Each structure stands twice: as structure tokens, then as C-alpha cells.
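Peer 1:
Number of protein chains: 4
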Amino acid sequence: MRLGMVGLGRMGANLVRRLMRDGHRCVVYDLDTEAVKELEKEGATAASSLHDLVDKLEPPRNLWLMLPAGVVQPTLDQLAALLAPDDTVVDGGNSYYRDDITRAGRLASSGIHYVDCGTSGGVWGLERGYCLMIGGEEEPVARLDPVFRSIAPGLGDAAPTPGRTRTDGTSPEGYLHCGPSGAGHFVKMVHNGVEYGMMAAIAEGLGIIKHADAGLRSRAVDAETAPLREPEAYRYEIDVAEVAEVWRRGSVVGSWLVDLVADALARSPELEAYTGRVSDSGEGRWTVLAAVDESVPAPVISNALIQRYESRGLGQFTDKVLSAMRGEFGGHAEKAG
Amino acid sequence: MRLGMVGLGRMGANLVRRLMRDGHRCVVYDLDTEAVKELEKEGATAASSLHDLVDKLEPPRNLWLMLPAGVVQPTLDQLAALLAPDDTVVDGGNSYYRDDITRAGRLASSGIHYVDCGTSGGVWGLERGYCLMIGGEEEPVARLDPVFRSIAPGLGDAAPTPGRTRTDGTSPEGYLHCGPSGAGHFVKMVHNGVEYGMMAAIAEGLGIIKHADAGLRSRAVDAETAPLREPEAYRYEIDVAEVAEVWRRGSVVGSWLVDLVADALARSPELEAYTGRVSDSGEGRWTVLAAVDESVPAPVISNALIQRYESRGLGQFTDKVLSAMRGEFGGHAEKAG
Amino acid sequence: MRLGMVGLGRMGANLVRRLMRDGHRCVVYDLDTEAVKELEKEGATAASSLHDLVDKLEPPRNLWLMLPAGVVQPTLDQLAALLAPDDTVVDGGNSYYRDDITRAGRLASSGIHYVDCGTSGGVWGLERGYCLMIGGEEEPVARLDPVFRSIAPGLGDAAPTPGRTRTDGTSPEGYLHCGPSGAGHFVKMVHNGVEYGMMAAIAEGLGIIKHADAGLRSRAVDAETAPLREPEAYRYEIDVAEVAEVWRRGSVVGSWLVDLVADALARSPELEAYTGRVSDSGEGRWTVLAAVDESVPAPVISNALIQRYESRGLGQFTDKVLSAMRGEFGGHAEKAG
Amino acid sequence: MRLGMVGLGRMGANLVRRLMRDGHRCVVYDLDTEAVKELEKEGATAASSLHDLVDKLEPPRNLWLMLPAGVVQPTLDQLAALLAPDDTVVDGGNSYYRDDITRAGRLASSGIHYVDCGTSGGVWGLERGYCLMIGGEEEPVARLDPVFRSIAPGLGDAAPTPGRTRTDGTSPEGYLHCGPSGAGHFVKMVHNGVEYGMMAAIAEGLGIIKHADAGLRSRAVDAETAPLREPEAYRYEIDVAEVAEVWRRGSVVGSWLVDLVADALARSPELEAYTGRVSDSGEGRWTVLAAVDESVPAPVISNALIQRYESRGLGQFTDKVLSAMRGEFGGHAEKAG
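Residue numbers (UniProt numbering), protein chains in the order written: chain A, 1 to 337; chain B, 1 to 337; chain C, 1 to 337; chain D, 1 to 337.
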């Protein structure tokens, strides 16, 4: 089918490529005219403006936005004036699901459909396909089924789930209509929260293995340093990169994230290119807020978020207060780094 | 090659089957004579006692123990009297790595080699192969290479790690000699700690999605119950089983654990067969002890362990103290369940 | 000075008593006419309605609301129609500070001042005084200074802070103007978050001491139960009530909360009256939301909140998913309680 | 009574002073002869060696060791040869309770009594008295009662616990015989764990208040930085030092630790003298190990320990792994500090 793509960054461009491979015709637009030209060469129809893009689609139109979260609202504001009733806009980026509810309501008053779609797959999605978590009304979601199907991974090599007896539903092909407006981004948000926790588990485990040599190193002997009681139990120098590699096959922790860690460590066992300041870009903290609101305990996801804050030194004032208290009651001086 | 297997529970029996498929000859022993007979039918040589098993192997002998942790030491004590210098015993179970160090030292005084081998793969290992993490001296580990190779998954369908340039090493085939005595069980212990964290991340995420309907349910209105400020943001009834299924393909959280959760939820979306009392069987807590000793922060693995304790109601006295304090300072009565 | 008190529950009534002791004249109102009569007997002026209460005060009026959070807004809506420019309303309850900002803005448009005041002290405040954390405009807060001073504890027995050299400010007397609208309830909210963390630390510590007898009890011996490796290190039967009592004097953890725990345990060492379902009433979760928004790591306060959720069994679905995963990969059955 | 004090650091010297004030006669020894002379001037009997100290006491002798944890064992080894049956040695330092069990057993074989005594009070103990948690046999503990009583704070200004009806026991005077060997240091260890949690709660709360100005500061706008959705809710510049001061009186969080924080912040509101690298000196981590062994959830104490590890940058490798994973799947570059 015909689709307009707004936003041709890495993900948007690759979505267009997957769609064209499957025979869909794409009209593409980006502020960066080079990105537009590049895809035009590959077979897409170039648009020179949002107005032009809308013109080059026939009603009822289908548009997909693949934009940084901060640019979605102004783009929707422009589109609202250009689109006609029964047109559909998909937001495929990482918007907060609460914004979806508001946006869908506003566009509905003009008869325009709004679909939120969480898109997972990162830089590898062109090849592997993207896992899609979709929210919105039944009808426009159904209408866009061929688009979702082309973007999603499909059954692929993965074995069918043995216990799954129902034969309807698209989830085995890697895309799912999760519920009304916001449900897609809600599930994607939590997906990213899960990702934080899984990443942290793997990273902590490798960290513990890395430091299995603690008994070989000397520790300061003073009242400010807890001694290692049994240094003989920590005398291993283990090749962390090889551990990640061996975990890729047959183990319970086998996962795409372990595959990626194995790759990163194979390239650079000490990860010298990194300082360890771990960003967070919204979904993790939103997941924690949701857990708190729902009164659901989520210790692992919450602490994975906190760990990222700690990695960026954001607890420094708190830590200074701790050191100051120790100084007050025990006369403990802080140890130099 | 020829191998003696002691312990024919699910894992031991399946190891024997994988070995025989690859042409190894196995002498098998278990207190449960039915288990011995069953494998005899499949081609193994039955032994009627440890003594008999040792007799039926030729020096230098290779034995593999696949026993509950509590039975390993008495079995080793018996074997020490039966074995000869240069024989090798592999402990393939879940022993604590600190015990390995002691055991290897004792057996070494009789010239017997001791190899510790962490074995991951669970009930699926017969088909998928087992990921092996091995500790001990170079020579006996090298000697047993054909055995490890047959038990391990091999390269299989998994793509090679793109960044891996070295061509030596067995890790891509799913087994790794990690270091001296105890190193295998150390890495397996941490592997299970990682497993705790990954499992918790997935389970919490699905819990948050399950409770995305919080705004549809009524909450008590009283001073003891925090109100849900924005119920309109929690009005989703999402099919958790389908979410697990869709995450299996193309997503960043794709993993064997997600495959298994999808299967469990496909069979029973409400998991009625479970009460939610989550056991822990040692490795998780040992991982936390190691992190504490090494002075390495491991918030996610630590809190995953704590979550399991909480699930079994082990914090009840602590919680009573909390309720008692609230009663004292605020006159708060506890709310009934 | 003259003050109208709306809401004569335990805290409101005791505030009136402290104010009258210091010579302030109070007009009091509550839906519960018995509560009004009781305070009338003690010297207050009774009001039969909000309208009557407003009539009995002279402009510029000062009112104090001591109401459940859910009743504040409707009461303010009524009062808005009854009050005159330059009148002041203090909300002394546990409102969310974000509501204060909205409410102050609305009332300001009618020239009415709104002051938010977090009030700590619980059932003991009549005797000890209440710690007050105040937000709002300078002028009305200054005007109400005599009221705040009477309610607050004053210098009392507590020694002056040695390092404090400034001689201005009211904080040593137990009340503080923290900033503009919402600042009082913001600081009170965080105060309660701190309270959660301190309570949890004390309760966990006493729980660990309570269970120092773990080595005297038999533990199941099976693959689902981690063994206690060194039972000889856990053979203490320690009187937890006496420990709380001894910590009251001279120790670093000495605190009002330890005083209260000692009292509760003196009355009932096993706390049989409690089941351990610990409520949370808003401030703790709001504190966690603020920490997440501010990007500040708050692991202890966050985990204290999560612990309360766990105590109420709110993680049950999550825990079921964990048990189901263990069943899938390891064939582990759940252990009965 | 007569007591020999070995170790005249800040705490040992102050113990001697409190004892002499109450009429006890002290023989004192330290490697630092200046410390010995100083106390001799104040009335103590100087000893020039352990041998001399033992000579200057009459059997049955009472000795108190106030030494760094690492020096206790060699000192005990020397004393074992010098002491006679029925002599008693008190270890008043921060030894690990498991060492007490071993040490008491060894000395018992020579008829020497060993008493472990956890001593809390820090640099303020001379004035306030020290909270004592005691382990060992009944008889020698009873014999030393006058010593414990003089060191402990006594009833002091603190009100009696209202619910306490029993009139026996020494806990209201600030010292307690907790149980057999090791019980004193066990309770002291947990006391310090509680201290970690309480300190963290207070420090985190003040950190959240400090950062209540987050909405006034500009945040980077890019895909790596989560935006602050409601900056208008974080526009407070609150005087953290004054908040600590106001919490000292009448509030639920009132405690000696809040007193100390108020003092530290009064001296230096930004705590410039500290970098925020928070040491831990053993008891906190031992408390976590005990909780893990006992299968008791202790999320707050555990996370307070982890927070200290984070403050010292000990999670850097873990954090690098996290950044590397983000780089692999999302092409995310790390942000510069």
C-alpha cells in the first residue's frame, strides 16, 4: 500500500527500505534533503514539504512519523491542518503514552485517526525486522495491517511457542495491537523498562566475574576500609569476553543482549572507549512512575534506573551528606580516591 | 571416549544420552536401579555400585558426578578410596565454588584430578545442548575435551559474533575452561545470579502491564490508602500472554527466558497453578555474597534475590515492626487484607 | 491571635488545644458536632457551619484547615465564596504540593492568601509540639508567626546545634518557612519519605536480629531450598525488645522512631496484633516520583516504598511469572507454604 | 573496680576517663607512649608492656581491648600466655562476631573468659556515654557489671518507655547482655547496618530537597537525555541546612543523626570539604551477609551498602558494559560528563 514517511533518520529510513522491499510505495519527507534524495535513489517518492507529502498521497492517507519525541507535537499541529477526515497518522517514535491519549482525542475531533506504535529493533532492525506494539482504534489499525506485517520480523527462524494453541493473532509475527490509544507506547515503555533490568543483570554479572581477582590485589589496611576476609576465594582472572561468548549458546541467559555484549567485549575487552556514564532516555523512568502509581513492586527495574543515575554521579550531594555524617559522629575522614 | 556417570536424574540421564549419540561409551550408576536399567536399554553399561563403576572403567578413568549438592562430598569420600592417581572426577552439579577449591586440594594429594563444571540448560538441554563453564587444571580439562564438546550445544543456528576475530577457543561452541579449581562453578553461580535479574525484569514488566487497568478498579478511599491521581492513564486491559509472544521476535528483550514465559502464559494466562512463592536454591545468594565481598555494586541481582525472599513472606516480622511503628506515631490501624 | 480551625480530628483538636494554651482564641468547626462541643467546653468558640465560622472571625481572617486530603478542595471551593481579599487559609494537612500551586493561584485571583503547612508530630504532638514546614507568600506567613510559634515545639530540651552561628530564623524552634506555594508540603512529603527509609532500616535490623536463631531451626533439605552453610553462626535467641530499649540511649541510631519501637515491643514482643500489611498513604510514593523526575538516585527511600507494596502481596502476579519461568526451564515445582 | 585498658585511641582513652570519673582504677597500655603518659597525668596507672599491665592487675583480672580489628588476634595470642584461669578479656572494638566464637572457644580451653562488647557512641561518647551490646558467659559479664554501668549513658534525660512494665534488666541504662559469645558484636553489627539505612534515608531526602530546583536549570535537549515533563513543579530553592535544623524538634524523623547533619550543614551548607566517596568499614556488609544467610529480606540496608559502593565508583566496569550495550543495539554514543 501507499505510505507517507516523515522523518528519515536511521530508523525511519530503514522502515522505508523494509516497506519498499515488500512492494509498498513510500512518499518520504525530512528536513534533511540529503536523506530524502538518498531514499529517492532507492525508489521512494520524494516530498519537499509536509504539504507536498500530503498532496502526493491519496485519501484516505496513511502517514508514519519517525521523529524525535520533542518534534512530534509541532509536526502533528501542522498536519492537522493538512489532513482530511479518515486519514491516519502513526507515531512510531518513543512518545510518552499519556501524550498519545491527548493527541488522539484532539485529532479525532477532526475525524483523523491517530495510531501509536512502539518500535523496537534498534540499528539491527533493517535486517531482523522490528517488533511493533500498537495502540489505537480497531479500524485504522486493521487497515494498516500490511504495513505492520512488512516492518515486523515475521515468524523467522524462531520456533513456535509450544503451548500456544490459538491460531489467530499477529503476535507470532512480531506485531501486536495492544489496545486503545496509548496502549502501544505503554507496552513499549515497559519493554524498555524490562530492557534496563536485563541489561543491568548481565552487566552486574560480568562485573562480578571481572572482579573475581579481588583477592590478588592489595587492599588498604585502615579503619576506613573493610578487609576482604577470605582473599583465597577471589583469585580468578577470568576472560570476561569469553564468558559472554559462551553464554550465547545453550544457557538460560541466552538473549540478544548477551549476543551484543559478546560482540562489544570481543571488539574491546576493557571497553576503553566508554567512561561508564549511562544515559537514560525516558522510558525507564516512566516505567518506574507507572509501577509506583499502580502500587506494583518493581525493585529490579527501579534499581536499574537508579544505577544509571548513580553512574552519572547524580547522587553526589547525597553522598557528601553521608560523608559529613560519618565525619560528625565518628571523626571519620573521607578517603582520597 | 569412555565415561562413568554417577547420578541419573533428569540432567545426568540426558547427559548420557547426548554422549552416546556422539559415540561415547558410558558406564552409569544411580541408587535408583530403575534409572540405571532405563539407560542400559538405551545402550549404556550398567554399574551396580560405585565400586563396580570404577572397575568397569580403565585407567586413567573419567567420572562425571551429576548429584544434588548435599550428596557430592560423601560420594567423593567413597571415590577417593576407589580411584587411582591420574583418574579424573568432574562435578557437573551446582556445588559452591569454595567447596571445589577444598575438594580439588584434597584429591590432588592422592594424585586424583578434580574438575568443576557448571552446567546450564535445564530440562531442554537434551535437545539444545548444555552451556558448560569449567574449572580445574589444564591437562585433565584438555583430556575431557571430546566429552565437553558432545555435551555442549555447538555453533548451532546462532550467528557468529561479528566482532570476534580470534579463531581459537571453544566458547563459540558453548563450553569454556574459565580458570583453576572453582572457576567453572564461580561463573555458573554468577550466571544464575544474572538469570535471577533477567527473570525479575521480565516478570516485573509483565506485572506492570497486567496492572495497567488500575484506573478501572475502585480503590478504597481512606487515610491509609494512597489515591491514584490520574486513573484515566491506567485504563488498559492488555493481553499479557500476547505481549510475551510479540516480544519473542525482533525486540531488544528477545531471549530464551521470554520464549519460556510466552509458553507458560500461552498455557495459562492467569498462571493459576502457581501461588507466587518463588524458591531460591543457592547460586543467587552466593552471587550476592560475592558482590559484597568484592565491593562491587550489584543492585539488580541483589534486589532480585530479596524479591524472592519477599515472595515467600520471609519479611513478616520486619513488616509487623513497620506496622507497629505506624500505630505508635500516627495511631494508624493496619488495614485488613 | 484569632484563628478559625476547620476539621477537629485528633490533629485539628490538639492544634486548637496548643493554641488556646498560649492564649490564642479559636473558632472551631467540624461536621461532627460532638467534636465541636468538646472543644467549646475547653474554651473554643463553636461554629455551626463554614459560613458561621467565617462570620465569627474579623477581617483579615486566618483559617486553618486540618482535613483529609480528599476534602480540602471542596472545602476551599466553599470558602472561596465566603472569604474576602487579604484573608488567609492555611492547609495543614497532607496535600500534594502540586495541588498547592494550583490552589494558591486560584485563590490569589480573589485576593485570598493560601499557605501550605506540613505538620509532623502524630498523636504525640499535643505534648511535644508539631514540626511545621511552611510554604507561601512572605506576608501572610509572617502574619501567622504567633500561630506557628505556639504550635511548634520551641527550643525545648534539645541542645542547640553547635555549628549554627546564625541567630536569625525560626528553624531551631521547630517551624520553617521553606519557600513559595507548595514548598511546605514538598519538604513535608520528603520528610515522610525519609521516615519510610528510617523505619525500614530499624525494622529490617530488628528482623535480622530476630532471625539470628536460623541455625537452631531445621531447614528443608531439597533442591528448592538453599542450605544454611554455617548454622553454628546463627544460634542466638536475642530479646529484640531489649535491643530496641538499649539502642535508645547513647547509640548512633537513637531516635524518636527507636523510642516508639521500644515501646511497641515492650507491650508485645511478638507484635501479635499485626499481620504485617504496611499501608502507604501517598507521601512516600510522591517522594519517589520527585526523585525520578529530578534524576536523583534514592535507592533507600525507593526500596522502602517497594517493601511496603511487597508486604501487601501486590507483587503476586510478578511472583507467579517467576515461578512459572522456573517451572519451564528447570522443571522446578513451587514449594508449598 | 580495677580494669586494664589496652588501646588508648580516642575511644579507649575516653572509656578510661568515664571509668575513672566513677571511681574505677585503670591500668593503661598502648604502643604510643604519649597516650599512656597523657592518661597517667589524669590518674591512670601506666603500664609499659602487656606483661607489665598483667602484672599490675590482681587475679582474677579484667582487661578491656579497644583496638583496630586487625590487631585483636595477635594481642589475644600474647595475652593467652600471660593470663591465668578465671581472668576475663573484653573485646570492645568492632570485631566480626564469628571471630568471637572462635576466640572465646580457644581462651576457654585455658580457663580464660572472653567477652565481646559492641560499643556505640563515637566521638561524643565521653559526654553522652556509650551504648553497650555484650556477648559472653553469664558469670564474667555479671562480674563486670560496674564497669559496663559506668561506661553506659544511664537513664539520663530520656523519658522511660511507657509500655515497659518489667523492672529488671539493664537496657534502660544503655547496656545489655545480648547472649553467648558473639551476640554482642552481632547486635552491634546490625546496629551499624541500621545506621547505614537511616543515614541513607536522611541523605537522600536532603538530596531530593536540594534538587527541587531542577525546573530552574536547563537540561540538554537530545535523544540521550530524558526531558523534565513538568519543570514548573520543581522551582524551589530550599535552604537544606535550615530544613535539617527544623526536623530536629517535634518531627517523626528526629534523631541523633539529624542533629549531626544539621550541625554539619550549619558549618558548611554545600559540604565543600567532602567529595562524596563514602567509606564502609565492615559492619554494613556483614549485616547484609547475615540477612542473605538468614533468608530475611533487607532491601533498605542492602541498598544503603550498594549506594556506598556506587559513591566510590566501584561499579565502573558494570556501567561501561551498560554503555557498550546501548552503543551496540541503539547506536547510542555516551554523553560527555
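The beta carbon of each residue, even a glycine, is placed where N, CA and C say it ideally should be. Quantities reported herein were computed from a predicted structural model and do not represent experimental measurements.
Kindly indicate which residue of C:A226, C:A203, C:D100, C:H211 has the alpha-carbon position closest to the one of C:R235.
Peer 2: C:H211
Peer 1: Could you compute how far the alpha carbon of B:G154 sits from the alpha carbon of D:A201?
Peer 2: 50 Å
Peer 1: What are the boundary residues of the beta strand (DSSP E) that A:T88 is part of?
Peer 2: 88-91
Peer 1: Could you check whether the Cβ of D:G315 sits closer than 8 Å to any Cβ belonging to chain B?
Peer 2: yes
Peer 1: Here's the rule I'm using: 16 or more other beta-carbon atoms within 10 Å means buried, otherwise exposed. How should D:E127 be labelled?
Peer 2: Burial call: exposed.
Peer 1: Contact criterion: CB-CB distance below 8 Å. Does A:R322 meet it with respect to chain C?
Peer 2: The sequence as given places Leu at residue 322 of chain A; Arg does not occur at that position. No, A:L322 lies away from the interface with chain C (no Cβ there is under 8 Å from its Cβ).
Peer 1: Ignore the nearest five residues each way along the sequence and tell me which others in A:M189's own chain have a CB closer than 7 Å to its CB.
Peer 2: Y97, E283, W286, T287
Peer 1: What span of residues does the alpha helix (DSSP H) with D:S311 cover, start to end?
Peer 2: 299-311
Peer 1: Any residues in the stretch 283-305 of chain D with a beta carbon nearer than 9 Å to a beta carbon of chain C? Which ones, in chain order?
Peer 2: For the stretch 283-305 of chain D, the set of residues with a beta-carbon nearer than 9 Å to any beta-carbon of chain C comprises T287, A290, A291, D293, E294, S295, V296, P297, A298, P299, V300, I301, S302, N303, A304, in chain order.
Peer 1: With a threshold of 8 Å between beta-carbons, can D:T88 be considered close to chain A, or not?
Peer 2: no
Peer 1: Could you confirm whether any beta carbon from chain D is found closer than 8 Å to the beta carbon of B:E204?
Peer 2: Contacts with chain D at 8 Å (Cβ-Cβ) do not include B:E204.
Peer 1: Leaving out five residues on either side along the sequence, give the residues of the same chain with a beta carbon under 6 Å from the beta carbon of C:A266.
Peer 2: A241
Peer 1: When the cut-off is 8 Å and only beta carbons count, does D:Y114 lie next to chain B?
Peer 2: No, its Cβ sits nowhere closer than 8 Å to a Cβ of chain B.
Peer 1: A:T119 lies in the beta strand (DSSP E); which residues open and close that run?
Peer 2: 113-120
Peer 1: Could you tell me the distance, in whole angstroms, from the CA atom of D:R17 to the CA atom of C:G207?
Peer 2: 36 Å
Peer 1: Please identify, using Cβ separations under 7 Å, the residues of the stretch 250-271 of chain D that lie next to chain A, in order along the chain.
Peer 2: L257, L260, V261, D263, A264, L271
Peer 1: On a CA-only basis, which of B:V115, B:L289, B:S251, B:M20 is nearest B:G136? Give me that one, please.
Peer 2: The closest CA to that of B:G136, considering only B:V115, B:L289, B:S251, B:M20, is found on B:V115.
Peer 1: List the DSSP bridge partners of residue 419 of chain B.
Peer 2: The requested residue 419 of chain B is not part of the displayed model; chain B covers only 1 to 337.
Peer 1: Quick check for students: name the residue ranges of the alpha helix (DSSP H) that lie wholly in the stretch 141-200 of chain A, counting only runs of 4 or more.
Peer 2: 145-151
Peer 1: Is there a Cβ of chain D sitting closer than 8 Å to that of B:I101, yes or no?
Peer 2: It does not; no Cβ of chain D falls within 8 Å.
Peer 1: Are A:V27 and A:A13 closer than 8 Å when you measure CB to CB?
Peer 2: no
Peer 1: Within 8 Å of any Cβ in chain C, is that where the Cβ of D:L15 sits?
Peer 2: no
Peer 1: Please compile the residues from chain A whose C-beta is within a distance smaller than 9 Å of the C-beta of C:F329.
Peer 2: Under the 9 Å cutoff, chain A gives V252.
Peer 1: Under a CB-based cut-off of 8 Å, is C:G337 close to chain A?
Peer 2: Low confidence applies to C:G337: its pLDDT is 47, below 50, so where it sits in the model is not reliable, and the reading given next is rough at best. Answer no: the Cβ-Cβ gap between C:G337 and chain A never drops below 8 Å.
Peer 1: Roughly how many whole angstroms lie between the Cα atoms of B:I112 and A:A233?
Peer 2: 22 Å
Peer 1: Please classify A:R61 as buried or exposed, where buried requires at least 16 neighbouring CB atoms within 10 angstroms.
Peer 2: buried
Peer 1: Can you round the beta-carbon distance between D:C117 and D:G92 to whole angstroms, since I take them to be within the 8 Å contact cut?
Peer 2: Here D:C117 really is in contact with D:G92; their C-beta atoms are around 5 Å apart, less than 8 Å.
Peer 1: Could you say which of A:S109, A:P68, A:T119, A:R25 lies nearest to D:A226 if we only look at CA atoms?
Peer 2: A:P68
Peer 1: Considering only residues of the same chain and omitting the five flanking positions on each side of B:F186, which have a CB-CB separation below 6 Å?
Peer 2: Y97
Peer 1: In chain order, what residues of the same chain have a beta carbon less than 8 Å from the beta carbon of C:M198, not counting five sequence neighbours either side?
Peer 2: Excluding positions up to five away in sequence, the list reads S255, L257.
Peer 1: For D:T275 and chain C, any beta-carbon pair shorter than 8 Å?
Peer 2: It does not; no Cβ of chain C falls within 8 Å.
Peer 1: Going by other Cβ atoms of all chains shown within 10 Å of its Cβ, with 16 needed for buried, is D:E294 buried or exposed?
Peer 2: buried
Peer 1: Kindly give me the distance between the Cβ atoms of residue 339 of chain D and B:S302, rounded to whole angstroms, as I take these residues to be in contact under 8 Å.
Peer 2: As displayed, chain D neither begins before 1 nor continues past 337, which places residue 339 of chain D out of reach and without an answer.
Peer 1: Going by C-alpha distance, which of B:P160, B:D239, B:L15 is nearest B:S150?
Peer 2: Out of B:P160, B:D239, B:L15, B:L15 has the C-alpha closest to the C-alpha of B:S150.
Peer 1: With a cut-off of 8 Å on the beta carbons, I'd call A:V300 and B:E195 a contact; round off their distance for me.
Peer 2: With a Cβ gap of about 12 Å, A:V300 and B:E195 do not count as contacting.
Peer 1: Taking the alpha-carbon positions, what's the B:W247 to C:E328 distance?
Peer 2: 18 Å
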